[in-house]
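Beneath this line is the structure, given in structure tokens, with notes to follow.
Residue numbers (my numbering): 371 to 508.
Right, here's the structure in full:
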């Protein structure tokens, strides 16, 4: 499923993507607890936003990327992606890739074999803003 720029989608507060993919470029209402697992893929571009936030700003309480799940918050040339989350967990064989992300989190956990990639054509940029607790199991 693909939601284009300037579109609006209302979804439940708890969303689980399993064996499906979603690409979001519009306004998201709901989706506070996000789980991506088992061949599920979620691509959120910086044209998207959580309701009442600016373009490129996504807010959630929990984001969990479990085994086989892929989450890609992606910037566009004119806008950095910003994610505001209380808890981000990347379990073993979970995959997160971004190209320019400002992560505002209370707790970040990356398990052994959890994959987090941040790449940018310009100098490497990853921001962990306001992260009070980071667990890295490498």
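Beta carbons are placed, not taken as given, at the ideal position from N, Cα and C, and that holds for glycine.
Scanning its chain for C-beta atoms nearer than 6 Å, with the 5 sequence neighbours on each side dropped, one finds around residue 466 the residues 435, 441, 460 and 486, in chain order. The criterion of a C-beta distance shorter than 9 Å is satisfied by residue 471 and residue 445. The residue from 401, 413 and 407 with its alpha-carbon nearest to that of residue 451 is 413. Looking at the DSSP output, residue 443 shares a beta bridge with 414. When C-alpha distances from residue 403 are compared across 458, 484 and 489, the shortest belongs to 458. In the three-state scheme derived from DSSP, where H, G and I count as helix and E and B as strand, residue 425 is classed as coil. The shortest CA-to-CA distance from residue 448 to any of 426, 381 and 483 is the one to 426. Within its own chain, the residues whose Cβ lies closer than 7 Å to the Cβ of residue 469, once the five positions on either side in sequence are excluded, are 444, 445, 489 and 490, listed in chain order. Our two residues, residue 400 and residue 416, have alpha carbons roughly 17 Å apart in a direct line. With distances taken between CA atoms, residue 462 lies nearest to 439 out of 439, 455 and 453.
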